[in-house]
Structure formats: structure tokens, C-alpha cells
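Peer 1: Quick note, the sequences are listed as chains A and B, same order.
Just so you know, numbering that gives the first Met the number 0 puts 30 at position 31 of the first sequence, and the rest follows in order with no gaps.
Just so you know, numbering that gives the first Met the number 0 puts 131 at position 132 of the second sequence, and the rest follows in order with no gaps.
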Amino acid sequence: MAVTPVAPARPAPRVADPDRRRRRRSATSRRHLTFVLLAGPNIALILAFIYFPLASNVYYSLLDWRLGARTADVVGLANYVELFTSSRGFDVWRVTLIFTLATVVGSMVLGLLVALVLDRNLPGKTFARTAVFAPYVLSGVGVGLIWLFIFDPRIGLLGHVLRALGQSSPNWFIDPTLALVMVIVVYVWKNLGYCAVVYLAGLQSIPKDLLEAAQLDGAGPVRQLFSVKLPLLGPTVFFLSVTCILSSMQAFDILRIMTPTGNGTNTIIFEIFLQSFGAYQRAGYSAALAVVLFVVLFVVTAVQLRYVERKVHYR
Amino acid sequence: MSTVTRTTSAATSRDADGAPGTPSTTGPAPAPTQPEWRRAFRRENVVATLVGGYLPLVIAVLIIAAPLVWMLIASFKPASEIVTPDPTLWPQDPTSANYALVADRVPLARVFLNSVVVTAVGAGIKVLLAITTAYALVFVRVPGRNAIFLGILVALMVPPEAAMLPNYLTISALGGRDTLWGIVLPGLGTAFGTFLLRQQFRALPLELVEAAELDGAGHWRRLWSIVAPVSLPAIVTVALVTVVNEWNNFLWPLVIIDSPENMTLPVGLNLLRSIESQTGAYGVLMAGAVLVIVPVLLVFALLQRHIVAGLTQGAVK
């Protein structure tokens, strides 16, 4: 039986057919048009309000320029030099470093403790997990107001508790060191639930037979934690430290509400705000700070992305 | 642990994303799973469960919840019960005067409405743009789209604060200072949502879209009748995270808004704080905090699974 070969699914090989070529070209340009219509607005917005500012900040950072002034002097790298050599600039770095380090370590350690308890899978775990995570989604302004009341040395809840214990309440709002401690505490309170939930996901993905094997070998809960759980949590710990560094370095709401003048709490973000929109109006210096902040955050994120790329198939 | 107990109340023992059941070693029944809570309350475990499990859990929840509860209670206390050396837990003379005072200091209805409008419009447009951009990046084959995606990825790393000053100048030049659209416009370009939805769309089976293509459906119809509906959970996650972020947004509106009637809630509360905190009128401030916190808390309580999933994105792989 003679069978005619089935026609190929693809169109016949291209011949010199001007008509088809035109159709093809118009299909291509229609595809380009579709892409531009769908993705264009977003790309334009990102260019206008993220990339363009990034570039113009670099230019502004070379100026001695008061916000709103019509003229400005080009001062080269003087703003950067000031940031790294002046005593106020040094203070910004000191406060940023302490705040970042303390909040990252604080929320990661407390978050781990909470996660280990949640990992026992007791009834009510879901409720507890939700409750602990909740502060993370709340307005930093609202949270700042609540804790302002709690830390008030005269009528705050903390003062009442301290007095009941026979202590007196220090003035958290005036002493720069105590003010920094105060905002760190509040920030850790707001963020530890995030760390706990991320740890919990890591803990629950640890194969149960590994823990059972350790148990059979006579490892108690502490030994299991340090010899099995923590090593396997390595990628989680790394991920968390990066995301926590990123968010801590961008913390602003709580600082501004609880310590409006930045007395003792002027992290780099706060200083960017104070320098350009606070009393100083030093737009050029503020732009230099913004450029440095971007570079720091970019490096941290790039390290993370590299790592994630390599470790994504870790388990 | 050799006996296998079946329970009908599985819902209390495990939640949907929860742990795999404890594998029993010698159970004769098929696929035996020991309910966690039954094990937790066996006589030999009950002390460990209470001391090592519930005690720290209750302490953690209390530390998290107490400030919020204190806020809610204090917002109903008259000033005399707040400025007192020995406060009571429950208001002796509950009053809504604090809320009236908030409305007296800032144009509360207007400010609340501003927040709702800015959140709805901002989040709505952002989610829409994220959907169309992610679709174009995944399904519309044009040269250079990977480079474009990389550009969007880098934008994700730019902290909005670093773009604040130039955006302030741009928006001022456009006449957007002290306006609601001036709050919304610079934040509309969305990298986060695009990134998340692109991942989701890439995971869709290709046949799904190809079948529609053979039926002659154009990109627009393929997007809205196939890709978007099957990706609804991911879109909801992006939407919720965006809504929460817009609602809480503080720094940019603080910079671009001057007059109280154009403020969003967080900026209005900042104003309230500068008026009231010197006088110790914390009841008023707590009422303000309730207004900005409770709506998010309610949304979170109802939809926590989506929000947590969105916010911890990247961690759980």
C-alpha cells in the first residue's frame, strides 16, 4: 500500500517568497510591539524613578549644594571625604554598625530560639507562629508610637515594671546610648518573628530519619541541635543574615518616630533624610551618603545572589 | 511507641504546611502516623511538653502581644488614667475621647481616606504592571529580554531611600509635591512583583499556553484567560505584600507631603506625635497607632498564609 508521507507539522522550508518574508517581519514587529505594550510602562517607570535617580545622585554627590538653591559649587569628592573623616560622619558609621549588628544578631538568635520551640509541633503552633510573625507586617510608625509609650520614663509600662522591682527608669529619650539601645530592642521585637518563620521552614525540611538516627546514637536534644540541626541550617542562617542586614540598614520609621532628631540613632538612612530634608538642607552631602549606601547594599545583595545561585540545589 | 493511634482531629495536630508525621518504627497498620499532640501529652512527655514547649511559647507570644494589647487598652483610657503612677490594666472609665482628639489634631477622615486611596491605586497599578511585565518576560520572545530582566533584578537592590532626593526633585518639577499622585507615581515601577510572578509563570506547563496559541488566542487573551487565573495564588500573594507595604510606607510620603489634608496615615501620625508626645497624651497616640495597625492586623489574621509566604519568599526553596 502506497502511503503518502504525512505532511510535516512545520511549514515547508522557506523559499524566496517575498510575501512570506513580509509576513514574518510583521509578526516579529508585532511581537516587539506586544512586548513594549506589556512591559514598557514598568520598564519606563523603573528607569525614571530608580536608575535615573541613581545616576543623578552620583552627580549631586560632587556638589556643595543646598536643597532649593539655584547654584551649586562643584567640590569633587569632598562630600565623600567628609563622610569618612569628619567626626559626625564617623558617628554615623558607628551608629549604623552597632544598630545593624545588634538587630541582626538579636533577631536571629531570638528567632532561632522561638523556631526551635515552634518546631516541637505542639498544638497551637500555627497560632503562635502567626502571632510571633505579626509585628513584622505592622506599620513602623504605629509600632514606634506604642513603644514610645512603653519606654516613657514617667508613665511608661517599662518604668512601672522597673519601679515595682525597686529600680528607677532611666531616661531612654535623652541619653544617646540608651536611645540606641531602645530602638534596637523595638526593632528586634518587630523582626524576630520573620527570622523564626524562616528558621522554622529550614528546621522542618531536615529529614526526620537524620534526627532519629542521632537519637538512636544517644544524642540528647542539645547535641541534636548543635550536631545535626545547626549545621543543616547553614544556608538558612546565611540567607537570614543577608536579608536582615539589608532591612536593618534601611530601617527608618521606628527611628524617626522614637528619636525624631536622631540623637544617638542617626544611622546612614536617617542621616540621608536629616541632611537633605532636615534642618541642614545639604543635598550634595546627602546624595554622597545615598551613593555609599547603595554601594554597600549592592555588594551585600550580590554576595547573596552568587551564593543562592550556587546553593539553590543544596539539599 | 509501637501502638498506632488514629485520631479524627488531625486538624489540631498538624497544619497544612506542617511537619511530616512521626514515622512509627514498628506499626503494623499501613502508613501509621502518631499524632503529635497525643505523643506530646503522654505521661512521660507531659513535663517536657509543658516546661520545654508551652512555657517558652507562651512567653514569646506574650512578649509579642503585650505591647499591642497595651496599645488597644490605653487608647480607651482617659488622660487621668494614663498619667498616673499606678495604672490599672482595664480602663476604669472607658472613653472614645482619644479617637475624637486624633480627629481634632489631624483631618482624620481625610487622612484615612488618603491612605486607602494611595494604597488601593498604588498597589492596584503595581500588581497590574507586575503581571504584564512578567508575562512579557516569559512568553513574548524578543531579543534582549534576559538583559531586561537583569536590569529589573538590579533595580530590586536599589533602596528607595537612595533614590529619594532625585525623585523629590523630579516630582517637584512635575508639580506633584504635596499631592497624592506625587506619593504614588515614583513607587509604581515594580521589581519585586515582576520577579516573583516571572518565577511563577516560568513554572507553568508550556502546553497550557501553547494550546491557547493554537486556538488562535492572542497574548492579551492568553494572559487574562489562562496565565493569570492559574497563577492566582501567586498574584494574591504579591498583591497582599504590596498592599501592606503601601499602607505602611512612611519615608517618601513624609518627604513629598506638606499639608495635613494630603497626608497618609503614617505621616499624619508623625505629625500627631510631634504635637502630643511632649504633653504625655499617650492615649491619643495609642488611638492613632490603633488606626494604622489594626486594619493590617485584621488582614494579616485572615490571610496570614499568603502574606507570610510572600514575605519570606526566597528563603523557602
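Even glycine gets a Cβ: it sits at the ideal position worked out from N, Cα and C.
Nearest CA to the CA of L117/A: which residue from A59/B, L184/B, L213/B, F200/B?
Peer 2: Of the candidates A59/B, L184/B, L213/B, F200/B, the one whose C-alpha sits nearest the C-alpha of L117/A is A59/B.
Peer 1: Please classify T260/A as buried or exposed, where buried requires at least 16 other C-beta atoms within 10 Å of its C-beta.
Peer 2: Exposed.
Peer 1: Listing by chain order, which chain A residues have their CB less than 8 Å from the CB of G128/B?
Peer 2: Correcting the residue type first, residue 128/B is Leu in the shown sequence and not Gly. Simply P40, N41, L44.
Peer 1: Does any residue of chain A bring its CB to less than 9 Å from the CB of T87/B?
Peer 2: With 9 Å as the cut-off, T87/B does not count as an interface residue toward chain A.
Peer 1: Could you check if T169/B is buried or exposed, using at least 16 other CB atoms within 10 Å of its CB as the buried criterion?
Peer 2: By the 10 Å Cβ count, T169/B comes out buried.
Peer 1: How is R318/A classed by DSSP in three states: helix, strand or coil?
Peer 2: No answer is possible for residue 318/A: it lies beyond the span of chain A, which begins at 0 and ends at 314.
Peer 1: Are I292/B and V142/A closer than 9 Å when you measure CB to CB?
Peer 2: Contact: yes.
Peer 1: Taking 9 Å as the CB-CB limit, is T129/A close to chain B?
Peer 2: Yes, T129/A lies at the interface with chain B (some Cβ there is under 9 Å from its Cβ).
Peer 1: With a cut-off of 8 Å, do at least 3 Cβ pairs link the segment 224-241 of chain B to the segment 193-203 of chain B?
Peer 2: Touching, yes, given that three or more Cβ pairs across the two stretches are closer than 8 Å.
Peer 1: Tell me, which residues are paired with L62/A by DSSP?
Peer 2: DSSP, once it has assigned bridges, lists V73/A as partnering L62/A.
Peer 1: From the DSSP output, in three-state form, read off R153/A for me.
Peer 2: Note: R153/A maps to coil in three-state DSSP.
Peer 1: Counting only beta-carbon atoms, is I256/B nearer than 9 Å to chain A?
Peer 2: Output row for I256/B: interface = no.
Peer 1: For V110/B versus E260/B, is the C-beta spacing smaller than 9 Å?
Peer 2: Taking 9 Å as the Cβ cut-off, V110/B and E260/B qualify as a contacting pair.
Peer 1: Measure the alpha-carbon distance for V299/A versus A282/A and round it to whole angstroms.
Peer 2: Each residue's Cα considered, the two are about 26 Å apart.
Peer 1: CB-CB under 7 Å to T264/A, same chain, minus the five flanking residues each way: which ones, in chain order?
Peer 2: Hits under 7 Å: V94, A178, L179, V182, L254, T258.
Peer 1: Are the Cβ atoms of V307/B and F132/A separated by less than 9 Å?
Peer 2: Result yes, Cβ atoms of V307/B and F132/A sit closer than 9 Å.
Peer 1: Between the segment 196-228 of chain B and chain A, which residues of the former have a C-beta closer than 7 Å to a C-beta of the latter?
Peer 2: From the segment 196-228 of chain B, only H218 have a Cβ closer than 7 Å to chain A.
Peer 1: Counting only the same chain and skipping the five closest in sequence on each side, list residues whose C-beta sits under 7 Å from that of P90/B.
Peer 2: Result list for P90/B: I72, F75, K76, E80, in chain order.
Peer 1: Would F111/B count as contacting chain A if we go by Cβ distances under 9 Å?
Peer 2: It does not; no Cβ of chain A falls within 9 Å.
Peer 1: List the DSSP bridge partners of R281/A.
Peer 2: Looking at the DSSP assignment, R281/A forms a beta bridge with R65/A.
Peer 1: In terms of residues, what are the limits of the alpha helix (DSSP H) holding G189/A?
Peer 2: A small fix is needed here, since residue 189/A is Lys in this sequence, not Gly. Looking at the DSSP string, the run of the alpha helix (DSSP H) that includes K189/A is 175-203.
Peer 1: Consult DSSP for A30/B and reduce its assignment to one of helix, strand or coil.
Peer 2: At A30/B, the pLDDT of 42 sits below 50, so the modelled position is not reliable and the matter cannot be decided from this model.
Peer 1: Would a check of beta-carbon distances place T300/A closer than 9 Å to chain B?
Peer 2: It does: the Cβ of T300/A has a partner Cβ on chain B nearer than 9 Å.
Peer 1: CA-CA distance, D208/A and L115/A?
Peer 2: Roughly 18 Å separates the two Cα atoms.
Peer 1: Give me the chain B residues within the contact set of S28/A, using Cβ-Cβ distance strictly less than 8 Å, ordered along the chain.
Peer 2: Going along chain B, no residue has its Cβ under 8 Å from S28/A, so there is no contact; the nearest lies around 10 Å.
Peer 1: Does DSSP classify P122/A as helix, strand or coil?
Peer 2: Here P122/A sits in coil by DSSP.
Peer 1: 9 Å is my cut-off, CB to CB: does V196/A come that close to chain B?
Peer 2: Judged by the 9 Å Cβ criterion, V196/A is in contact with chain B.
Peer 1: Is any beta-carbon of chain A found at less than 9 Å from that of G181/B?
Peer 2: G181/B does not count as touching chain A.
Peer 1: Measure the alpha-carbon distance for T21/B versus L210/A and round it to whole angstroms.
Peer 2: Confidence at T21/B is low in this model, with a pLDDT of 37, below 50, so the placement of that residue should be treated as unreliable; the coordinate-derived value is given next. Using only the alpha carbons, I get a separation of about 11 Å.
Peer 1: Taking only beta-carbon atoms, is W92/A less than 9 Å away from chain B?
Peer 2: By this cut-off, W92/A is not an interface position.
Peer 1: With a CB to CB cut of under 8 Å and the five nearest residues on each side skipped, what residues in its chain are close to L304/A?
Peer 2: Contacts found: none.
Peer 1: T70/A CB to nearest chain B CB: under 9 Å?
Peer 2: No, no contact with chain B.
Peer 1: Quick one: list the residues of chain A neighbouring W69/B, beta-carbon separation under 9 Å, in chain order.
Peer 2: Simply I145, F148, I149, L156.
Peer 1: Comparing the C-beta of P303/B with each C-beta of chain A, is any distance below 9 Å?
Peer 2: Sequence inspection shows Gln at residue 303/B; the Pro mentioned does not correspond to that position. Answer yes: the Cβ-Cβ gap between Q303/B and chain A drops below 9 Å somewhere.
Peer 1: Between H218/B, A78/B, A129/B, which lies nearest to P93/B when the distance is taken from Cα to Cα?
Peer 2: When each option's Cα is compared against that of P93/B, the closest is A78/B.
Peer 1: Specify the secondary structure class of F132/A as computed by DSSP and reduced to three states.
Peer 2: Reduced to three states, the DSSP call for F132/A is helix.
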